[in-house]
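In the numbering used here, the protein residues as written are 643 to 1093.
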Amino acid sequence: MSFRCHLANNFDDSFCCHYIPDTDTELQPPAPDMSRPQSMPDFTALMDSTKSLFEATTTSNFEKRIHSRRTTSPDRRSHHGRKRPSLSLAAGLMMNTESPLLTGTMSPRKRSGNYPAEDKGLDVDEGGTLFYAYALRSDCPSSPPYILTFASAAVCSQWWSLVQQHYPSCARPSPQFLVMRSEDMELIKDDLKFFELRNRWFHTSQDSPACPPIVLPLQYANGMPAIAPPSAEEKTSTSAIESLTESLKRLTSVVESNADQVHALSVAQSMGLQAMQEINETNSIQIKAISESQAKLQALVDQNASHYIALANSNFKTQEQSRLSQERTLTAQEQTRDILETTAAQLQTLSKNQAELSQTCHGMMHSIDLLSHGTAAGISDTASNHSTSSISASTIASRISPGPRKLNKKIKGVWYEYDSGPLVPAGAPRKRADSVNTSTPPKSPAAPKPA
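Below you can see the structure in the form of structure tokens.
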């Protein structure tokens, strides 16, 4: 005979003790998915020292243990996982207080979101005892049966009447033996027709290997036990067991608080590791992007350097060409200045020559006027002197060769021959008309025609 103590995934996370009526003294290892931390020691030594205290377990004490137990099926523990992690132990404890651990699937009351609000006042049957029943799975007879626990036999009768109405495939061969399908049991938990009885019954699955088989006490249909009441010795053992149970409950509360702290610490550590991993991933991505940007920047710098070198060479060539152009411009300016100075000197000389020429022209015009007046007077005197002569006009005209003409052009020299002067032999040099001591005054030139 052995005694098993473990933390069950109950609605209220209460501590449970189970009596194992077998000869195997070797305890089975706890399931890896239980809510107790794996690093905590088991209660094997403590339980071995108290085996003798549990040999006289009575039906009433067994009822209390069954009532304190809640659903421990694997499907209620398979979803055990961490909530969102926190950054510190205090934050983890606060989170654990606000949102408890998911130690299993939610109860029928919690899983259905369409249920109305719970009633503050519940009708409790006073004077009744718990009623237990087996529920065999018709679709899987080899599986362990469900353990149904009702607040009283009346609640069981009311519950069974609803089952007969809505699930006619279920059967009840005896008051403590029912036959139904697993699917019907899951549907009954979420059925709104059973909402009024939600806090008056529950079922327990024995699928977990860590959960020992449970033997229900025999009861009549009205809920009364089918065996004799316990003796005084059994009551004494029951009180000792109850005191030990209270001690174990206190120890369990301490263990649970430690488990909560350990879980909060593990949650904080996992959150920190996850945050560090995310930061490392982000940093690696940023470093990769920065390296790519640096490579692109280096390529741009190289390209800009080549462009700068080309621009520098072009600028140097442009400066050389500009310097040569400036030198050529300075040379051309000096030549132009020399030419302008020469031109100015030539213009000054020309203006002086023009002034001298103008004066010469005025003098020549004056001389020509004087010569013309003198010639006209000489001609008139000659004509009067030879009027009486026998020389005819034709003879005089023949002697003047060539005859006088108008001086409307600039004539350098004109030779005139008159009869009043001595005859010039043939072949003798002629005198210029503008020579000195001429007897015939020059004729004034005609005025130039306006352009």
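The C-beta atom is built at its ideal place from N, Cα and C for all residues, glycine as well.
These numbers were taken from a predicted model, which means no experiment stands behind them.
{"Query": "Exposure of MET918, with buried meaning 16 or more beta-carbon neighbours within 10 Å", "Result": "exposed"}
{"Query": "Beta strand (DSSP E) segment containing SER811, residue limits", "Result": "That residue, SER811, is in no beta strand (DSSP E); it is neither H nor E in DSSP."}
{"Query": "Secondary structure of ALA777, DSSP reduced to three states", "Result": "strand"}
{"Query": "Simplified DSSP assignment, three categories, for ASP767", "Result": "With a pLDDT of 43 at ASP767, under the threshold of 50, the predicted position of this residue should be treated as unreliable, though the coordinate-derived value follows. ASP767 falls in the coil class under three-state DSSP."}
{"Query": "At least 3 beta-carbon pairs within less than 8 Å: the region 802-813 vs the region 842-861", "Result": "no"}
{"Query": "Rounded straight-line distance, which links the Cα of GLN903 to that of PHE844", "Result": "30 Å"}
{"Query": "Expected contact under 8 Å - CB spacing of ARG842 and SER780 to nearest Å", "Result": "With a Cβ gap of about 25 Å, ARG842 and SER780 do not count as contacting."}
{"Query": "Residue environment, ILE951, which counts as buried when at least 16 other CB atoms sit within 10 Å", "Result": "exposed"}
{"Query": "Interface flag, GLU998 vs chain D, CB-CB below 8 Å", "Result": "Structure shown: chain D not included; a single protein chain is present."}
{"Query": "Closest residue to PHE773 among SER794, PRO783, ASN957 (Cα-Cα distance)", "Result": "SER794"}
{"Query": "Exposed unless 16 or more other CB atoms sit within 10 angstroms - verdict on LEU858", "Result": "buried"}
{"Query": "N- and C-terminal bounds of the alpha helix (DSSP H) containing ILE789", "Result": "That residue, ILE789, is in no alpha helix (DSSP H); its beta strand (DSSP E) goes 788-792."}
{"Query": "Nearest-angstrom Cα separation, counted from ALA775 out to PHE791", "Result": "The sequence given here has Thr at residue 791, not Phe. Rounded to the nearest angstrom, the two C-alpha atoms are 7 Å apart."}
{"Query": "N-terminal and C-terminal residue of the alpha helix (DSSP H) that MET822 is part of", "Result": "First-last for MET822: 819-822, but that is the beta strand (DSSP E), not the alpha helix (DSSP H)."}
{"Query": "C-beta contact flag for LYS835 and LEU886 at 8 Å", "Result": "no"}
{"Query": "Beta-carbon gap between TRP801 and LEU860 smaller than 8 Å", "Result": "no"}
{"Query": "In DSSP terms, what HIS905 is bridged to", "Result": "Note: HIS905 sits in no beta bridge, so no partner."}
{"Query": "THR973 versus GLN988: straight-line alpha-carbon distance, rounded", "Result": "22 Å"}
{"Query": "Cβ pair TYR788, ALA777 closer than 8 Å", "Result": "yes"}
{"Query": "Closest by C-alpha distance to PRO867, when choosing among VAL943, PRO817, SER785, ALA910", "Result": "PRO817"}
{"Query": "GLN861, DSSP secondary structure in three states", "Result": "strand"}
{"Query": "CYS636 classed as buried or exposed, judged by whether at least 16 other C-beta atoms fall within 10 angstroms", "Result": "Limits of the chain in this structure are 643 at one end and 1093 at the other, which puts residue 636 out of reach."}
{"Query": "Residue of THR846, ALA937, VAL821, PHE819 minimising C-alpha distance to TYR831", "Result": "Rather than Tyr, the amino acid found at residue 831 in this sequence is Lys. Closest by alpha carbon: THR846."}
{"Query": "Beta-bridge pairing of HIS845 - partner residues as DSSP gives them", "Result": "LEU790"}
{"Query": "Buried or exposed by the 16-neighbour rule on C-beta atoms within 10 Å, applied to LEU982", "Result": "exposed"}
{"Query": "Contact set for GLU934: own chain, Cβ-Cβ below 8 Å, skip 5 residues either direction", "Result": "none"}
{"Query": "Ranges of the beta strand (DSSP E) found wholly within the region 938-998, counting only runs of at least 3", "Result": "none"}
{"Query": "Whole alpha helix (DSSP H) elements within the region 905-934, 4-residue minimum", "Result": "none"}
{"Query": "Beta-bridge pairing of PRO867 - partner residues as DSSP gives them", "Result": "GLN861"}
{"Query": "Assigned secondary structure, ALA852 (DSSP; H/G/I helix, E/B strand, else coil)", "Result": "coil"}
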